[in-house]
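One line per chain: the protein sequences are A and B, in this order.
Using this note's numbering, read the first sequence as starting at 14 and increasing by one per residue.
Using this note's numbering, read the second sequence as starting at 7 and increasing by one per residue.
Working notes, beginning with the structure itself.
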Amino acid sequence: MADKIVMVVSEGSFDKALMPLIIGTTAASMGMEVHVFYTFFGLKLLKKGVRPKLKGLMRPFTGMIQSKMKKLKVPGFDEMMQQSKELGVNFYACSTSMALLGVKESDLADGVKVLGASAFVDIAAGSKASFFIG
Amino acid sequence: MHGNDNTVGAISVEKDMTLDARGLMCPMPIVHLAKKVKEMSSGQVLELLADDIGSKDDIPAWTRRTGHQLLGMEDEGKVFKFYIKIK
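Quick look at the structure:
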């Protein structure tokens, strides 16, 4: 069985959006299983058509960093999400956070699975490495 | 595609395919590498060109993890060349 890694994402800002996708595509490319659980404000990253922004006072500079990334050929959120899905990265939406934030299953992007904490802990228990992104 | 000789240290490497990942930043060289390797068969040799400074350690980590064999690496200053034998 392939080694696996798990991540928990609890914030939905621009950098927190990209980090799990960078680590996730890398680990999947290294032949590992990847499971990412989105909870609290991280949950909005799994919504259809989301456009993550930098946090707080940095927010107006989101466009600036995006054009810098484009110039350096660093893939953005949509492309990284697409790559992650192609590589088989598993995305989970926390069921309680969905109720708290009023997110319906139909609001979620394709391929996202709704999961409770105990089902995720069960997945996480056998992992080789875990990351908290929040 | 056979017959392209490259010398890595003291050994001569015959490559079957080349993946040009120059201009791509981490983690994209690894992502493209994983995809490319799926198209290749056991025993074939892939030449990978990369200029992301991270690739110097990333590619050896990738081969250790996946079990493909890193035959050698050439550091040409701005460009790294890796020769990987498919398991």
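Built from N, CA and C at the ideal position, the CB exists for glycine as well.
Note that this is a predicted model, so its numbers are computed, not measured.
Close beta carbons around residue i, own chain, < 7 Å, minus the five adjacent residues each side
| i | result |
| --- | --- |
| G44(A) | A15 |
| A40(A) | I18 and V47 |
| D26(B) | L55 |
| G89(A) | Q79 and M82 |
| S110(A) | T52, F53 and L56 |
Sequence-distant residues of its chain with Cβ nearer than 6 Å to residue i (five each side left out)
| i | result |
| --- | --- |
| M23(B) | L52 |
| K84(B) | D57 |
| L128(A) | Y105 |
| K98(A) | G124 |
| I65(B) | F88 |
| S61(B) | P35 and F86 |
| S140(A) | K17, I18 and V19 |
| S108(A) | V127 and G129 |
| F148(A) | The structure shown does not extend to residue 148(A), since chain A spans only 14 to 147, so no value can be given for it. |
| S131(A) | none |
Bridge partners - residue i, DSSP secondary structure assignment
| i | result |
| --- | --- |
| K17(A) | E46(A) |
| G78(B) | Y89(B) |
| V107(A) | One point to set straight first is that residue 107(A) is Cys, not Val, in the sequence displayed. In DSSP, C107(A) forms a bridge with L128(A). |
| F144(A) | M20(A) |
| E99(A) | Note: E99(A) sits in no beta bridge, so no partner. |
| L121(A) | K60(A) |
| T24(B) | E53(B) |
Between the CA atoms of residue j and residue i - distance to the nearest angstrom
| i | j | result |
| --- | --- | --- |
| T52(A) | K21(B) | 46 Å |
| R37(A) | V102(A) | Checking the displayed sequence, the identity of residue 37(A) turns out to be Gly instead of Arg. Straight-line Cα distance between these residues: approximately 7 Å. |
| M46(B) | G29(B) | 23 Å |
| Q79(A) | P73(A) | 11 Å |
| K26(A) | I59(B) | Note that residue 26(A) corresponds to Ser in the displayed sequence, not to Lys. Their Cα atoms are separated by approximately 27 Å. |
| L70(A) | S119(A) | 32 Å |
| A138(A) | L34(A) | 21 Å |
| K1(B) | M79(B) | Residue 1(B) is absent from the structure shown; chain B starts at 7 and stops at 93. |
| F95(B) | Q50(B) | Summary: the structure shown does not reach residue 95(B), with chain B confined to residues 7 through 93, and so no result is reported for it. |
| R64(A) | M82(A) | 15 Å |
| F133(A) | L121(A) | 18 Å |
| K86(A) | L113(A) | 37 Å |
| K41(B) | W68(B) | 13 Å |
| G62(A) | Q95(A) | 13 Å |
| C32(B) | D63(B) | 11 Å |
| K117(A) | D81(B) | 52 Å |
| V19(B) | L59(A) | 45 Å |
| S143(A) | K68(A) | 24 Å |
| R70(B) | I136(A) | 25 Å |
| D91(A) | V37(B) | 15 Å |
| L100(A) | F145(A) | 21 Å |
Integer-rounded CB distance, given that residue j should sit under 8 Å from residue i
| i | j | result |
| --- | --- | --- |
| S42(A) | L39(B) | 7 Å |
| G73(B) | K93(B) | 5 Å |
| M93(A) | L31(A) | 6 Å |
Chain-order list of residues whose beta-carbon lies under 8 Å from that of residue i (same chain, five-residue window excluded)
| i | result |
| --- | --- |
| G147(A) | V21, V22, S23, E24, K29, F53 and G55 |
| K66(A) | S26, F27, R72 and T75 |
| S48(B) | I92 and K93 |
Any non-hydrogen atom of the ligand COA closer than 8 Å to residue i Cβ
| i | result |
| --- | --- |
| S80(A) | Among the ligands in the structure shown, none appear at all, so the ligand COA cannot be discussed. |
Along the chain, which unbroken stretches of the alpha helix (DSSP H) at least 4 residues long are found entirely within the stretch 49-91 of chain A?
-> 75-84
What runs of the beta strand (DSSP E), each 3 residues or longer, lie entirely inside the stretch 44-79 of chain B?
-> 51-56
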